[in-house]
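> Let me begin by handing over the structure; questions about it come next.
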Amino acid sequence: MLAIDSIYAPRALTRPHRGGRHVPARQTMSEDGPVLRILCPAAALLGHPSRLWGSMINRFGGGVLVALVLMAMLAVEWVGLPAGTIGVVLVGGVIALAAVLLLVRAELRRAGVIAACAASFTLTWNGWYVGPVRPGDVLVLVALICLVVADPSGALRTPPWWVKQLGGVVLLVAAINVAFPADVNYLARRVVLTATGLPAAQIASVAGTNLAVAFKFVVAVVAIPMAFVGAARVDRSAVRWLAVSFVGGAALSGTAASLDYLGVPVGQILTGIPRVPGRQLGFSDHPNFLAAGLVLGIPLAYWLLASRQRHDKLLGLATMPGLLFGVFASGSRGGAVCVVLALALSVILHPRTRGYAPGILLAGAIAVGAIAAFVPSFGLQILRVTRLSGGVATAGSDTVRAAVGAQGLRDFHHSPIQGIGLQASFDASQVYIQELASGGLLLFIAMSVYSLGGIIAAARLIRRDDLAAGLLAALLATLALNVFEADLTDRFYYVPAAILVALIHIAKRDAVSPQPVVRLQPEPA
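Each residue of the sequence shown is one higher than the one before, starting from 55 at the first, in our numbering.
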């Protein structure tokens, strides 16, 4: 028996009388009563249900029936669609979701929390595709659907203003560039290169790609926080599990990259992406994306390490090595620089270690100096693998970065207000140039407000919850990553801010109603 089950206990309903009086309904229904009113007559035609079936309906309302009907309908679609299409993949995923709903006893709110945590766990795996879709992207929408269906009136809350303004500006920039596109001749003359320095393929439809990127961007900025807030409204401890899931997924990808570096090709088994010589991918599609996700996970792993709870310390101890060694294996210079910054910020900002920060940082510097002095080959190996030593290994990358960076600045000068379109966000060498080239000053200012709003909100919550310190360190590390990486629309980039939004919601909820919130956990025997 779950404590949350009391919410779904059958209750006597009243129906309004024309004279204004309320009279008891003839039957009791759960909160899924409208579904039962539709489905129960059909069930009556089939005969009296068994005792087990009746108890399931009484306890869960129409949830089981809805799941069964959904599975039957999707099975028909599955057979009718041709194999190998996007529809087969998506329908198969929803069939699997319906099966999961039955396994968890048709509790949609529980399924929404699980889907949100699973999304947080897999969003850094941007090289893992099931058919044409990334599972993490689908899980975000699945979580939203489950939470909305379970509680249409109260499942979701809009995020803070600094989140909403960015989503609005993204849509505004997309609309402006569709209505008033950049000059076709200018777009044709642009220098667009791949990461290897080869000319990139031309975009078939600039307007279509612009809108597709806008949708991806809005899901990252707005939909993920809404799903996480919905999960937190069901169970306040979901905020913690969202953070733990993000750290765990990133650490697993980093561990896969570490094993790849040691000669065990684990990452390629899942993603199928060929390995990059001298650099590892983990479960991402590019070494730089791997490093960015791991850097964002490090402050949260430190939050676990610095916890007072023994099991949290063990989780932090289990995840931190994979994160650190994964950044090393990625060969990302920006990641190598930002991982040091992320660790330093974590030590300084966490309330339990802030007072010892000078000593901890000094000890770390002494340890690094000792390694460089007494084991110089180890230090040289780190510089070689992370490519911080420069030379031939980075000459090609530097040339490509310089070329696409200069093109991004030309794009900004060509259209400084709204940019040349969000489709250009794929082309720049770093996030700040991505913003200026694709969305102009509109997007750059909106992103700056978004970052500043998150930083201020996290700083205000540190006294209330240590998790805010880890999230603040991750947000500050993001500002540094933006100089080196080009991750403007990658959804994992916005997970720390989404967790922060859920934490803000819980704090506001407690301030208004400090009563304990129902948790999805077993009652004591």
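Idealized CB from N, CA, C, for every residue including glycine.
If you drop the 5 nearest sequence neighbours on each side, which residues of the same chain put their C-beta closer than 7 Å to that of ARG455?
The residues are SER483.
> Go ahead and label GLY262 buried or exposed: buried means 16 or more other beta carbons lie within 10 angstroms of its beta carbon, across all protein chains shown.
Exposed, because fewer than 16 other Cβ atoms sit within 10 Å of the Cβ of GLY262.
> State the DSSP-derived secondary structure class of VAL246, mapped to helix, strand or coil.
If DSSP states are grouped into helix, strand and coil, VAL246 belongs with coil.
> Can the beta-carbon of PHE300 be found less than 7 Å from the beta-carbon of SER174?
Closer than 7 Å, so yes.
> So, is ALA242 buried or exposed, given that buried needs 16 or more other C-beta atoms within 10 angstroms?
With fewer than 16 other Cβ atoms within 10 Å, it is exposed.
> Do the region 305–316 and the region 284–291 touch if we need at least three Cβ pairs shorter than 8 Å?
With the cut-off at 8 Å, the region 305–316 and the region 284–291 do not touch.
> Could you give the distance in angstroms between the alpha-carbon of ILE168 and the alpha-carbon of ALA281?
Roughly 11 Å separates the two Cα atoms.
> Starting from GLN488, trace the alpha helix (DSSP H) in both directions and tell me its first and last residue.
From DSSP, the alpha helix (DSSP H) with GLN488 extends over 485–515.
> Between which two residues does the alpha helix (DSSP H) holding ARG294 run?
Its alpha helix (DSSP H) spans residues 292–315.
> Helix, strand or coil: how does DSSP classify GLN238 here?
It should be noted that the sequence gives Val, not Gln, for residue 238. Residue state, collapsed to three classes: helix.
> Got a sec? Which residues, its chain only, sit under 6 Å from ARG159 by beta carbon, not counting five neighbours each side?
At ARG159 the pLDDT is 47, less than 50, meaning the model places this residue with poor confidence; the figure from the coordinates comes in the next sentence. So no residue of the chain qualifies.
> According to DSSP, simplified to helix, strand and coil, what is ARG80?
Because ARG80 sits at a pLDDT of 41, beneath the cut-off of 50, its placement in the model cannot be relied upon, and the following sentence gives the value as read from the coordinates. The answer is strand: DSSP assigns ARG80 an E or B state.
> If you follow the alpha helix (DSSP H) that TYR548 is part of, which residue opens it and which one closes it?
It is not in any alpha helix (DSSP H) - TYR548 carries neither H nor E in the DSSP assignment.
> Would you mind sorting SER259 into buried or exposed? The rule is 16 or more other CB atoms within 10 Å of its CB.
SER259 comes out exposed.
> Within 10 angstroms of the Cβ of GLY370, are there 16 or more other Cβ atoms? Answer buried if so, exposed if not.
GLY370 should be labelled buried.
> Classify ASP237: buried if its beta carbon has 16 or more other beta carbons within 10 angstroms, exposed otherwise.
ASP237 should be labelled exposed.
> Is the region 494–509 touching the region 194–213 in the sense that three or more CB pairs, one from each, lie closer than 8 Å?
Output reads no: the region 494–509 does not touch the region 194–213.
> Assign ALA565 to one of three DSSP states: helix, strand, or coil.
In the structure shown, ALA565 sits in a helix (DSSP, three-state: H, G or I).
> So, ASN180 versus ALA228, is the Cβ gap smaller than 7 Å?
No, they are not a contact pair.
> State yes or no: is the C-beta of GLY351 within less than 7 Å of the C-beta of LEU377?
Their beta carbons are under 7 Å apart, which means GLY351 touches LEU377 by this criterion.
> Roughly how many angstroms separate the alpha carbons of GLN488 and ALA268, rounded to a whole number?
Between GLN488 and ALA268, the C-alpha separation is close to 14 Å.
> Count the other C-beta atoms from every protein chain shown that fall within 10 angstroms of the C-beta of ALA382, then say buried if there are 16 or more, exposed otherwise.
At residue 382 the sequence reads Phe, which differs from the Ala that was named. PHE382 comes out buried.
> Could you give the first and the last residue of the continuous alpha helix (DSSP H) run that contains TRP216?
Here the alpha helix (DSSP H) through TRP216 covers 215–233.
> Secondary structure at GLY408, three-state DSSP: helix, strand or coil?
Sequence check: residue 408 is Arg here, not Gly. ARG408 falls in the helix class under three-state DSSP.
> With 16 other CB atoms within 10 Å as the buried threshold, where does LEU316 fall?
The residue is exposed, with fewer than 16 neighbouring Cβ atoms inside 10 Å.
> Helix, strand or coil for VAL318? Go by DSSP, reduced to three states.
Residue state, collapsed to three classes: coil.
> Would GLY332 be called buried (16 or more neighbouring beta carbons within 10 Å of its own) or exposed?
Classification for GLY332: exposed.
> Count the C-beta pairs between the region 507–525 and the region 462–469 that are closer than 8 Å, then say yes if the count reaches three, no if not.
Taking 8 Å as the limit for Cβ pairs, the verdict is that the region 462–469 does not touch the region 507–525.
> Considering only their Cβ atoms, is the gap separating THR373 from ALA345 smaller than 7 Å?
Not closer than 7 Å, so no.
> Give me the residue from ARG406, ARG387, VAL349 with the minimum Cα distance to ARG362.
When each option's Cα is compared against that of ARG362, the closest is ARG406.
> Look up ARG333 in the DSSP assignment and say whether it is helix, strand or coil.
ARG333: strand per DSSP, three-state reduction.
> Do you know offhand how far ILE323's Cα is from ALA528's?
Taking the straight line from one Cα to the other gives about 30 Å.
> Can you tell me where the alpha helix (DSSP H) holding THR263 begins and where it ends?
It spans 260–272 - the alpha helix (DSSP H) in which THR263 sits, taken as one unbroken run.
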